[in-house]
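A.B. asks: Handing you a structure now.
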Amino acid sequence: MPSTLHDLVHRANMELASSGLVMGTFGNLSAVDRDAGLFVIKPSGVPYNQLTPAHMVAVSLATGEVLDSDLRPSSDTPTHLELYRAFGCGAIVHTHSEFATMFAQTRTPIRCMGTTHADYFRGDVPVTRPMTRNEVQTRYEANTGHVIVERFRDSGLSPDDIPAVLVANHGPFAWGPDAFKAIENARVLEYVARLDWRARVMAPDASAPDPWLVEKHYLRKHGPKAYYGQ
Ligand SMILES: [Zn+2]
């Protein structure tokens, strides 16, 4: 029996499919129910136009094993699992959206150059280190999660403050408190990547905004004293 979470993850995957962020089958979304100890994700190998809530696959947070489905979950499932274990987010989106993927492929952080970026991301969106041969050849998808977690931990970044990352030579992951917020973050990520690309072309030496402007925009929308758009 598909649960409410299966319904929601189905709806959110359909929204992601029509968002323009997904090229071909390069996209997946999951959402977690921490009380139930599981997350639900798109299956692998079922075309978007045939997906129903019953196709969504539940996976155990404790073991990573599939619960209650004959379908295989998305091949990126071990990456989602590692992120849920390390971060407090409620949903995760992965796409190969054009501009964010371009920054990932060139291992270039998306710079925070203005308030559109600062409304969603409290600083530059970071890039992971390239993965070693061993990391790629063994447990590749889980290791993709590890290098993301390492990137945040080693540089003292908070995944709540910067709800996205660029996996080197691969593409973006974004997350949020729920599935639709995660999609919104993925959409804005793509938009600010496009803006930063154009800013780099138009004025390579343009200055970054002052930190107080970035903080003002981030904190009026997020955190305990948020007041914007409430
Ligand atoms: Zn991918």
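If you number the sequence shown the way our numbering does, the last residue is 692 and the count never jumps. Glycine included, every Cβ here is placed at the ideal spot set by N, Cα and C.
1) Between 485, 522 and 688, which has its C-alpha nearest residue 535's C-alpha?
2) Please name the residue, chosen from 564, 619 and 502, that lies closest to residue 657 on a Cα-to-Cα basis.
3) Using the C-alpha atoms, what's the distance from residue 608 back to residue 602?
4) Identify the continuous alpha helix (DSSP H) that holds residue 624 and give its terminal residues.
5) Among the residues of its own chain, which have a CB less than 8 Å from the CB of residue 476, if the five just before and after it don't count?
6) Where does residue 492 land, buried or exposed, given buried means 16+ other C-beta within 10 angstroms?
7) Quick check: residue 488 and residue 638, are their CB atoms within less than 9 Å of each other?
8) Alpha helix (DSSP H) containing residue 563: first to last residue?
9) Determine the DSSP secondary structure at residue 485, reduced to helix, strand or coil.
10) Measuring straight from C-alpha to C-alpha, what distance separates residue 651 and residue 579?
11) Would you report the Cα separation of residue 572 and residue 666, rounded to the nearest angstrom?
12) For residue 488, is the beta carbon positioned less than 8 Å from some heavy atom of ligand 1?
13) With distances taken from CA atoms, which of 467, 556 and 548 is nearest residue 483?
14) Here's a check: name, in chain order, each residue in its chain whose Cβ is nearer than 6 Å to the Cβ of residue 562, leaving out the five neighbours to either side.
15) Round the Cβ separation of residue 645 and residue 481 to the nearest angstrom and send it over; I've been treating them as touching at under 8 Å.
16) Quick one: Cα of residue 674 to Cα of residue 527, how far?
17) Figure out for me which residue from 549, 524 and 490 has the closest Cα to the Cα of residue 611.
18) Should residue 584 be labelled buried (16 or more other beta-carbon atoms within 10 Å of its own) or exposed?
C.D. replies: Short version:
1) 522
2) 564
3) 10 Å
4) From DSSP, residue 624 is part of no alpha helix (DSSP H); its letter is neither H nor E.
5) 510 and 513
6) buried
7) no
8) 560-567
9) strand
10) 8 Å
11) 14 Å
12) yes
13) 556
14) 634, 651, 652 and 655
15) 6 Å
16) 45 Å
17) 549
18) buried
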